[in-house]
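Notes follow once the structure below has been shown.
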Amino acid sequence: MLVVVQTTRGGRLNLQVRHTNGALDLLALATRDLRPGFRYVIGVIPRAGLKTIGDQELPAVPEGK
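The following block contains the structure:
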């Protein structure tokens, strides 16, 4: 599994995940209205079949993990 976290001080936060042909693309959108504290969103994504995140290759998973 792969866990992604995005934070903001804005009032709202959205995380969009697109997984196609081994490529994972993430887009986090936040509003510009700054508020006290922070907001967060957590995404849990199966790592099986993933080759890249954005344009960067993922390192190999160690044996037995």
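Read in this note's numbering, the sequence shown has 24 at position 28, and its numbers run on one by one without any break. Even for Gly, the Cβ is constructed at its ideal location relative to N, Cα and C.
Query, Result
"Spatial neighbours of Val1 within its chain, please: C-beta separation below 7 Å, excluding the five flanking residues on both sides.", "Tyr36, Ile38"
"When burial is assigned at 16 or more other CB atoms within 10 Å of the CB, is Thr4 buried or exposed?", "buried"
"Could you check the C-alpha separation between Leu20 and Ile41 for me, to the nearest Å?", "9 Å"
"With Gly6 as the anchor, note down where its beta strand (DSSP E) starts and where it stops.", "-2 to 6"
"According to DSSP, which residues form a beta bridge with Asp21?", "Arg14"
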